[in-house]
Amino acid sequence: MVSKQQSLQTDENRGLVSDQPVNRCCDSMADCCCCRCLTAKLRVVLIGSTWGLLTGVERAIILPTLWLYFYNKFDMSAAVRFYGATLAAFNISALVCTPLFGWLSQRNYVRVKFLLIAANQLEIAGNLLYFVAPQPWLIFLGRFVAGVGAGAEPPLYADVVRVTTKKERTGVIVYLLLARQFGLIAGPALTLLMHPLRYKVKKFVIDVYNSPGLFMALLWAVHTIAIIAIYPTISHSRFAGGNGDEVAAESTDTSQKPSRSASYDALHEASSQVAEAEPQQQQQQQQQQEDQPSCFSMDKMKLYLKIDTFAMLFVTFSSYFNLMALEAVLPPAANRYFGWDEFNTSLVYLGAGILVIFVYLVVKFLSAKFEDRLLLLTGICILIGAYFWNFMALIFVERAKPTLYITLVLLGITGHVIGMPFTFALPESLYTKSVPVGEMDIAQGVFRSVIALSILVGPLIGGLLQFVPWLVFLSMLVLSVFSLLLTLRAYRSLDYPGEATEDEPQDNAELPTGNNNGSTGGQEERNATQESTS
Numbered sequence: 001m002v003s004k005q006q007s008l009q010t011d012e013n014r015g016l017v018s019d020q021p022v023n024r025c026c027d028s029m030a031d032c033c034c035c036r037c038l039t040a041k042l043r044v045v046l047i048g049s050t051w052g053l054l055t056g057v058e059r060a061i062i063l064p065t066l067w068l069y070f071y072n073k074f075d076m077s078a079a080v081r082f083y084g085a086t087l088a089a090f091n092i093s094a095l096v097c098t099p100l101f102g103w104l105s106q107r108n109y110v111r112v113k114f115l116l117i118a119a120n121q122l123e124i125a126g127n128l129l130y131f132v133a134p135q136p137w138l139i140f141l142g143r144f145v146a147g148v149g150a151g152a153e154p155p156l157y158a159d160v161v162r163v164t165t166k167k168e169r170t171g172v173i174v175y176l177l178l179a180r181q182f183g184l185i186a187g188p189a190l191t192l193l194m195h196p197l198r199y200k201v202k203k204f205v206i207d208v209y210n211s212p213g214l215f216m217a218l219l220w221a222v223h224t225i226a227i228i229a230i231y232p233t234i235s236h237s238r239f240a241g242g243n244g245d246e247v248a249a250e251s252t253d254t255s256q257k258p259s260r261s262a263s264y265d266a267l268h269e270a271s272s273q274v275a276e277a278e279p280q281q282q283q284q285q286q287q288q289q290e291d292q293p294s295c296f297s298m299d300k301m302k303l304y305l306k307i308d309t310f311a312m313l314f315v316t317f318s319s320y321f322n323l324m325a326l327e328a329v330l331p332p333a334a335n336r337y338f339g340w341d342e343f344n345t346s347l348v349y350l351g352a353g354i355l356v357i358f359v360y361l362v363v364k365f366l367s368a369k370f371e372d373r374l375l376l377l378t379g380i381c382i383l384i385g386a387y388f389w390n391f392m393a394l395i396f397v398e399r400a401k402p403t404l405y406i407t408l409v410l411l412g413i414t415g416h417v418i419g420m421p422f423t424f425a426l427p428e429s430l431y432t433k434s435v436p437v438g439e440m441d442i443a444q445g446v447f448r449s450v451i452a453l454s455i456l457v458g459p460l461i462g463g464l465l466q467f468v469p470w471l472v473f474l475s476m477l478v479l480s481v482f483s484l485l486l487t488l489r490a491y492r493s494l495d496y497p498g499e500a501t502e503d504e505p506q507d508n509a510e511l512p513t514g515n516n517n518g519s520t521g522g523q524e525e526r527n528a529t530q531e532s533t534s
């Protein structure tokens, strides 16, 4: 009996995904070599990282050329009327559709793979509209449609949570953010490569301003093929309700399987019993959903008002708000005080992008040595120091001494760049640990909506206060101080066990597919082997 418990604990420490290759990953390509050699965790993380890479490239390749696209293809009045609205359209549509995608996945109306494929088609359609737009309002419409597709992150990141243990989750999130950062760096380089492009097809001109739309449509098409080929189908029923009852029951059943010397008839009978029990579990799940028709019941609302969950949401909002506000206020302020042009600003962004990658790697290393909550406090304190530094520097800035104040401002920006990876990766990791896995789709919808809101509000505040940049840094400082206070208040609640808990199944070999006929037998044989060994 002791050996059985030890074997179950060993399985529990393996996390959500078995180290063995999954037998089936997709319905149409069950026998492809990529599915046989990649685990479900690796496939989900691969799709998630490429998603982040493409979103980073799209943002970095379209935003710098959008104003000139309006100006050169149409006129100055079109640029003035549509530039700000087009920027807002993408963020607003993403903000509205992010919880919708999470709700669809949470209710199991549509499989995650199909949601991602549909989102990619919207991205393709939006970028093609951006590419061919004969009127300015079609550019606006194209970015709005692409923003709808960008709202499909919640189910994808919820699957990332399902296939990772709490211990390894911070590292995986760092990898996803690193991929997005690589995209942000690659975007300007691709813009430089497209700069000499000018090709005419009859009256239609392909140049550096509209070619990003065609380029991104092609990349999203390739990403769609990758989703069809390798993305696994992860059953949500094992996580329904956010507890480990089903998993615990499954573990109890598998611990009582016959030894290897038992006949195959006994194994077949056991698998038949499991197959008969599955419809009953599905009926119970449907009954629970009928009893709770609203996804946002009071009990679920209380989940997001817990001090640890609310604190991580606020820290996330503060972090993305500060980033976007700084990006909005830095170019005009640097031009006014120091005479910088776009070349100088681009050099700062390039250096910051390289430094961010290094800091993410440091965060990945430190997360294996120290608690996430301690690292988060460290990052927030670094940001508070950086914002206070820039606040003081810009209050007493003297245009007669530009070299000194450029150095002071760059030191403050360096502190900002060092602290941001801590406040990006760690709150997201801690947030996923504070929310039950069964509620992760809706929870990710809430989390991504907070990010979308901060990305929408940050540039607005930074742009409005560009003539008083010290006030922008003061607002960033205040938000960071509140983030520190909330994190300190929730510090004890942020102590989550590093190993897999009851919420997380011990072996995910049959998890990626809804058709578990083959994988159930393999699981029974593995349990039988463990019992015979004991």
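Each residue of the sequence shown is one higher than the one before, starting from 1 at the first, in full-length UniProt numbering. Note that CB positions come from ideal geometry on N, CA and C, so glycine has one too.
Cβ neighbour criterion (16 or more within 10 Å) applied to residue i
i: Q106; result: buried
i: Q181; result: buried
i: T403; result: exposed
i: V247; result: Interpretation of V247 is limited by its pLDDT of 32, a score under 50 that renders its predicted location unreliable; the figure taken from the coordinates is listed afterwards. Looking at its Cβ environment, which holds 16 or more other Cβ atoms inside 10 Å, V247 is buried.
i: S77; result: exposed
i: D495; result: exposed
i: T432; result: buried
i: R198; result: exposed
i: A146; result: buried
i: K364; result: buried
i: A79; result: buried
i: I395; result: exposed
i: P134; result: exposed
i: R489; result: exposed
i: L38; result: buried
i: A179; result: buried
i: L66; result: buried
i: W389; result: buried
i: K166; result: buried
Range of the contiguous alpha helix (DSSP H) that encloses residue i
i: G339; result: First-last for G339: undefined, no H or E at that position.
i: G438; result: That residue, G438, is in no alpha helix (DSSP H); it is neither H nor E in DSSP.
i: L95; result: M76 to Q106
i: I234; result: Element bounds for I234: n/a, residue is neither H nor E.
i: F467; result: Careful: F467 lies outside any alpha helix (DSSP H) and carries neither H nor E.
i: A40; result: A40 to K73
Short Cβ contact (9 angstroms threshold) for residue i with residue j
i: I382; j: I406; result: no
i: Q444; j: Y157; result: yes
i: residue 557; j: G151; result: Past the edges of the chain, shown from 1 to 534, lies residue 557, and the structure says nothing about it.
i: A325; j: A94; result: no
i: G412; j: F473; result: yes
i: V132; j: F74; result: no
i: L426; j: T170; result: yes
i: V160; j: V44; result: yes
i: S493; j: S429; result: no
i: F82; j: I139; result: yes
i: M476; j: F338; result: no
i: L219; j: V57; result: yes
i: K113; j: I227; result: yes
i: L176; j: G52; result: yes
i: L456; j: A88; result: yes
i: V329; j: G463; result: yes
i: I307; j: L486; result: yes
i: W470; j: F391; result: yes
i: A217; j: L128; result: yes
i: S318; j: T98; result: no
i: Y231; j: V446; result: no
i: V208; j: H223; result: no
i: T55; j: G213; result: no
3-residue-minimum beta strand (DSSP E) runs that sit fully inside the stretch 133 to 218, ordered along the chain: 198 to 201 and 204 to 207
Is the stretch 371 to 380 in contact with the stretch 409 to 427, if contact means three or more CB pairs nearer than 8 angstroms? Because the criterion of three Cβ pairs below 8 angstroms is met, the stretch 371 to 380 and the stretch 409 to 427 touch.
List, from N- to C-terminal side, the alpha helix (DSSP H) runs of 4 residues or more that fit wholly inside the stretch 332 to 396. 342 to 367 and 372 to 395
Looking at C-beta atoms only, is the number of pairs between the stretch 311 to 327 and the stretch 472 to 487 that lie closer than 8 angstroms three or more? yes
For the pair the stretch 174 to 189 and the stretch 347 to 361, tell me if three or more CB-CB distances fall below 8 angstroms. yes
Does the stretch 107 to 123 come close enough to the stretch 136 to 153 to have 3 or more Cβ pairs within less than 8 angstroms? In this structure the stretch 107 to 123 touches the stretch 136 to 153; the number of beta carbon pairs closer than 8 angstroms is three or more.
Whole runs of the beta strand (DSSP E) within the stretch 394 to 430, excluding any shorter than 3 residues: Within the stretch 394 to 430, no beta strand (DSSP E) run of at least 3 residues lies entirely inside it.
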